[in-house]
Amino acid sequence: MSRYFPHTAYAEDQPLARTILTTHVATRAVTVGTLLGVAVTSARTVIPALRPKIEQQPFAARLLRSCAGSILATLGVAGVGLVVRMWGRDDIAWRDRSWRLLESKGQLETDDWTYGGMGAAAATSALLMVKAKTKAEAGARKKTPPAVLVLGWRGLVGAAGLGAWAA
0 MSRYFPHTAY
10 AEDQPLARTI
20 LTTHVATRAV
30 TVGTLLGVAV
40 TSARTVIPAL
50 RPKIEQQPFA
60 ARLLRSCAGS
70 ILATLGVAGV
80 GLVVRMWGRD
90 DIAWRDRSWR
100 LLESKGQLET
110 DDWTYGGMGA
120 AAATSALLMV
130 KAKTKAEAGA
140 RKKTPPAVLV
150 LGWRGLVGAA
160 GLGAWAA
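Following this line, the structure appears as structure tokens:
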């Protein structure tokens, strides 16, 4: 996505500075939230004392739900952090930070892989949901529906977050 924003020769001329910086912070929040979700699910799976006493969902469903919750939490924290960090800053500070992000070739490549993975995972999950619903409406019975279908939007958000890391 960063590659599609206009990039000027000088930081002072950088348009869409707030949009670029906000998009960057939100994207990093998704990747950090996914990492936290994987860590929490792994810890709860490996350490018996952290497991709930009730019957658990399959691992995939727990992982997607945990990632989705962590993504939403980190989006909120990162959004507040961005506001706190940039409060009262001049427009040139926003432009300079955005320009530096777009100037970094490594950042652009990271964004390309991140957005590609998120898009592929979200598209695959959505396709899986549609296919499972179509089979269910046709009368075909499957023992356990896909975790993405069971979780709905949470499954889709969790899958997109995992796709950011898979790419």
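The opening residue of the sequence shown carries number 0 in numbering that gives the first Met the number 0; numbering runs sequentially from there.
The C-beta atom is built at its ideal place from N, Cα and C for all residues, glycine as well.
Looking at C-alpha atoms only, which residue of Ile19, Val29, Leu155, Ala131 is the closest neighbour of Ala122?
Walking along the sequence shown from the start, residue 122 turns up at place 123. Among Ile19, Val29, Leu155, Ala131, the Cα nearest to that of Ala122 belongs to Leu155.
Does DSSP classify Asp111 as helix, strand or coil?
Mapped onto the sequence shown, residue 111 falls at position 112. Asp111: helix per DSSP, three-state reduction.
Candidates Gly157, Leu161, His23: which alpha carbon is nearest Ala167's?
In the structure displayed, the chain extends from 0 to 166; residue 167 sits before or after that span and is not available.
Tell me, to the nearest whole angstrom, how far the beta carbon of Ala60 is from that of Ala158; I am working on the premise that it is less than 8 angstroms.
Start at 1 with the first residue of the sequence shown, and residue 60 comes out as number 61. Start at 1 with the first residue of the sequence shown, and residue 158 comes out as number 159. Wrong, their Cβ atoms sit about 11 angstroms apart, outside the cutoff.
How do the region 21 to 39 and the region 101 to 117 stand: do at least 3 beta-carbon pairs fall below 8 angstroms, yes or no?
Taking 8 angstroms as the limit for Cβ pairs, the verdict is that the region 101 to 117 does touch the region 21 to 39.
Three or more C-beta pairs closer than 8 angstroms, one from the region 4 to 12 and one from the region 124 to 139: is that the case here?
Touching, no, given that fewer than three Cβ pairs across the two stretches are closer than 8 angstroms.
Restricting to Cα atoms, I'd like to know which of Asp89, Ala48, Val79, Leu35 is closest to Arg167.
Residue 167 is absent from the structure shown; the chain starts at 0 and stops at 166.
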